[in-house]
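Numbered as in UniProt numbering, the sequence shown ends at 537 without a single skipped number. Here the structure is laid out as structure tokens; the discussion comes afterwards.
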Amino acid sequence: MGKKLEKGLKEKNASAVSQDEENPNKTPEPYSCTGNFQADFTELCRRNSMTYIPPIIPRARPPTVMGHTESGKPDKGKGKAPQAPVEPDPDPEQDLDGEGIEAPPKTFTIKEKFEYFKPSVQVEMENFDKPDTVTEIYIRGWKIVEPIMEIFKQCWPKMAKLHTINLWNCGLSGEVITILASTITEIPEMRNLVLDGNTVVEENWHELMGEESPIQNLSLRHCGITDKGAEQIGQALGSTKRCNTKLISLNLSGNRITDVGAEHIALGLRMNRNLMSLSLASNFIGDKGASKIAEILSRFPLTHEEVVERRKHFSEKDFPERNKSPPGSRRDGSKDRPASVRSQSHMDKDKKGSKASAKKKDPKGKDAKEEEKHDKTKKKEKEDKTLTKKESRGTKASIAADTKGTKGKGKGKDKTKQAAQEVEDLSGGEVVNPLTDVADFIDGQLWVSGNRVLINLNLSRNKIAESGMNNLLKAMQYQTTILMDNKSGGTGLMRIALLKNKISQEHDVMRKLNDIMLHKDPYYKQPPQTPDVQSTT
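Laid out in structure tokens, this is it:
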């Protein structure tokens, strides 16, 4: 009986296999990624019928010397381990002529011709024995098309420790950038994204800086970004409606950004109070762009739209429940109310309407009403003006000292460490809204202090001349002056790079600027003071 059952099962399995072979177009079951990048990527590539599957290899590292750690320092243990007996070197092999054959090198490996240039995915892992601990992914020099990016979109969100993606010179397109932007929002620990060397015609880089984007460090060097892309990046950095609250470092060096693009990025920095490092090196920024950036770093007047948003914010802060109706309440005229209540409300409205018509017939009542309305308007304007004056009382003294230079310099290493700690505390705290900052009423405009959260700015290798440098100098003088009274809004710029512009480093403006920034640099070390040599009597 058992043999017959076995025979029947074999025949059944054979018939099932033959049916599968007869139906090759049958769709396989969807693959569920497990977090093992190598297994998931290989399987998904195989299911997509790819002729060549790029291998996943560990990222190359320099060889380490025995007895030394990765940092190059000798390993100092508490106790010395017993040394193993040193075995004598084997005798060198000899060829047919009796000459010694040179041993193969141990510091590198030799591969076949063009093996190095074949596409591969390099990874960094926490533990090479555990394939699900990939932390960084590096892809260099091969084109990533949409099908490959769709595969990555399935693999990467399941990788719990992935925090860095580096796609250098991968020929990305606008569609691939869109897929990547939607993918990074699903990666749990995603922080760093490097896309250097990718020229995208659509220039839709702003999609990587959306509200749900977790990116903290974004590098877009040598991506051919023009003023069009810079405008979209500036809008993504910040506006009156929304601001990016995650991005800390942005590198836009080596692109084609001019004064127009620099102005758009400066507009984004008006409302952004999270970005701490910005590099615009090796672009085409001149005096206009530098002056606009300097204005954002010192102080600037609010536009009409920004003033409206400011008043809305204060109104919501003072009266948060103004526009909210209590739960369970019913508005006049609601269909859910009883008919008797609705009729009573209509009667009340009719009475009010009759009273209003009676007032309209009385000319004296009309004049009194208009006069009362006019008085209320004047009173409200007076209160607004008084409120603005109270807000500006704290900073008028610092504004008067705007063009008088710096008063006192840093006290060396202690001051820079304290400033760096303040910036760190600020970045970990609540997001600052510049519209709620103290404002000054000057010539019919509201002026607020500029961006003091940005601590590193690189404008090297541009086209900035004396005029732009002068405005940057005034901005640094203003920041130094206002920080003496109030440091709650940030520490201001601590490092600024201005090398290789259209002005000599020996120029008077550059010397003053360097003197101010020298003591604000967190890595600046004050030279030791030598004691005076006492004269012998």
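For every residue, glycine included, the Cβ atom is placed at its ideal position computed from N, Cα and C. Since we're looking at a predicted model, the values are computed, not measured.
C-beta atoms of residue i and residue j nearer than 9 Å
| i | j | result |
| --- | --- | --- |
| V260 | A281 | no |
| G492 | T480 | yes |
| S277 | N244 | no |
| L237 | L275 | yes |
| I215 | R191 | yes |
| G490 | I516 | no |
| Q121 | P54 | Residue identity differs from the one stated: residue 121 is Val in this sequence, not Gln. The answer is yes: Cβ separation under 9 Å. |
| V200 | L218 | no |
| L162 | E136 | yes |
| S239 | M271 | yes |
| G234 | I265 | yes |
| N251 | G224 | no |
| F37 | P119 | no |
Residue closest to residue i, alpha-carbon to alpha-carbon, out of the options
| i | options | result |
| --- | --- | --- |
| Q232 | E263, G468, I144, S219 | E263 |
| L446 | N433, G197, L302 | L302 |
| T226 | P119, E316, S253, S239 | S253 |
| I187 | S291, V308, G35 | G35 |
| R61 | T109, D132, S298, K292 | T109 |
| P147 | H163, V176, V123 | V176 |
| Y478 | I101, Y524, F300 | F300 |
| K512 | N471, G171, Y524 | N471 |
| A465 | A475, I503, M510 | I503 |
| P498 | N462, Y523, S249 | A small fix is needed here, since residue 498 is Leu in this sequence, not Pro. Measuring from the Cα of L498, the nearest candidate turns out to be N462. |
| C155 | T42, R273, P528, I248 | T42 |
Residues bridged to residue i (per DSSP)
| i | result |
| --- | --- |
| E295 | DSSP, once it has assigned bridges, lists no residue as partnering E295. |
| L250 | L218, L278 |
| T164 | E136, N192 |
| D515 | D515 pairs with nothing; no bridge assigned. |
| I57 | Q122 |
| V308 | According to DSSP, which records beta bridges pairwise, V308 is partnered with nothing at all. |
| C243 | G238 |
| S449 | R299 |
| R270 | None, per the DSSP bridge assignment. |
Residue i versus residue j - alpha carbon distance
| i | j | result |
| --- | --- | --- |
| D508 | I496 | 17 Å |
| D440 | G268 | 22 Å |
| E381 | V438 | Since pLDDT at E381 reaches only 49, below the 50 mark, its modelled position is unreliable, and no value is offered. |
| S32 | K500 | 53 Å |
| N451 | L220 | 23 Å |
| R47 | F284 | 47 Å |
| E189 | H206 | 21 Å |
| H222 | K312 | 41 Å |
| T185 | E150 | 15 Å |
| L473 | I165 | 38 Å |
| E203 | L195 | 13 Å |
| D129 | F314 | 56 Å |
| Q505 | N458 | 16 Å |
| Y116 | G141 | 11 Å |
| F114 | S460 | 38 Å |
| K143 | F152 | 14 Å |
| K317 | L435 | 13 Å |
| A39 | N198 | 28 Å |
| E295 | A475 | 7 Å |
| G289 | S298 | 15 Å |
| M125 | L44 | 21 Å |
| M510 | K246 | 33 Å |
| N169 | V123 | 17 Å |
| Q526 | K111 | 52 Å |
| V448 | N433 | 11 Å |
| N127 | E305 | 53 Å |
| T258 | A103 | 57 Å |
| M494 | E211 | 28 Å |
| I139 | I56 | 10 Å |
| Y523 | S249 | 19 Å |
| D521 | Y52 | 51 Å |
| A181 | K158 | 16 Å |
Buried or exposed by the 16-neighbour rule on C-beta atoms within 10 Å, applied to residue i
| i | result |
| --- | --- |
| V145 | exposed |
| A16 | Low per-residue confidence applies at A16: pLDDT is 45, beneath 50, and the placement is therefore not dependable, though the value from the model is reported in the following sentence. It is exposed - the Cβ of A16 has fewer than 16 other Cβ atoms within 10 Å. |
| I442 | exposed |
| T183 | buried |
| P58 | exposed |
| I482 | buried |
| H519 | buried |
| E29 | exposed |
| G444 | exposed |
| V453 | buried |
| A160 | exposed |
Near the ligand GDP: residue i beta-carbon under 8 Å from a heavy atom
| i | result |
| --- | --- |
| V448 | As for the ligand GDP, it is missing from this structure, which has no ligand bound. |
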